[in-house]
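Contents: one structure, followed by commentary.
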Amino acid sequence: MLFACDSNLNEVNKFNLEVNTPQGVAKNINLFFTDSGVVKANLKSPKMLDYSHEKYPYRIFPIGVEVDFFNSDSTKNTVIADSAIVHANSNLIDMRKNVKIITSDSLVLTTSQLYWDTAKQWVFTDRNYKIRLANGTENNGTGFDSDQEFTVFNSRTNTGIQVIEDNSL
Numbered sequence: 809m810l811f812a813c814d815s816n817l818n819e820v821n822k823f824n825l826e827v828n829t830p831q832g833v834a835k836n837i838n839l840f841f842t843d844s845g846v847v848k849a850n851l852k853s854p855k856m857l858d859y860s861h862e863k864y865p866y867r868i869f870p871i872g873v874e875v876d877f878f879n880s881d882s883t884k885n886t887v888i889a890d891s892a893i894v895h896a897n898s899n900l901i902d903m904r905k906n907v908k909i910i911t912s913d914s915l916v917l918t919t920s921q922l923y924w925d926t927a928k929q930w931v932f933t934d935r936n937y938k939i940r941l942a943n944g945t946e947n948n949g950t951g952f953d954s955d956q957e958f959t960v961f962n963s964r965t966n967t968g969i970q971v972i973e974d975n976s977l
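In this text, residue positions in the sequence shown follow the numbering used here: the first is 809, and each later residue adds one.
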């Protein structure tokens, strides 16, 4: 009689993990996203649950997340949310509940959900949002997309009060 064993530890470990149970828990996360050695973003969170062993791997930040986007002119934009999910196979970060964007020029935008495509460096939502500019302009809208530096901003619909300076008078 002949017997053989395969020493594939990863296959053995799959049996030890329960479905919908994280394979790891981390506290006080501080992740950096770089492009060609340049820091583009910094994600901070008090807790991360790692589900990278699942068929569609992801990591969840259940008790808050803050992402700082560093612009080419050395300014910073910040996104804060109550929770976030990083989808490993799609380069998407799904930020949810009380999402707030604060740009370097004092723009403040709030919404209930925001997606960040880390590969394309683009943010977007189909949800309602409110935006306030430093000059007092306020808008309400539904759906927008923008580059992560917020220099290109496309609103699908919006209403509000615009402050227009006309120096020709």
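We put the beta carbon where it would ideally sit given N, CA and C, even for glycine.
- Using a Cβ-Cβ distance cut-off of 8 angstroms, the region 870–885 and the region 939–951 are not in contact, since fewer than three pairs of beta carbons, one from each stretch, lie closer than that value.
- Taking the Cα positions, R940 is about 27 angstroms away from I893.
- Here N885 has D876, F877, N879, I909, I910, T911, S912, Q956, E957 and F958 as same chain residues with Cβ atoms under 8 angstroms from its own Cβ, once five neighbours each way along the sequence are excluded.
- I901 places its beta carbon less than 8 angstroms from that of T926.
- Assignment of beta strand (DSSP E) within the region 870–895, counting only whole runs of 3 or more residues, yields 873–878, 884–889 and 891–895 in chain order.
- Nearest to M856 by alpha-carbon distance, out of F841, T842 and G832, is G832.
- By the beta-carbon neighbour count (other beta carbons within 10 angstroms, threshold 16), G845 is exposed.
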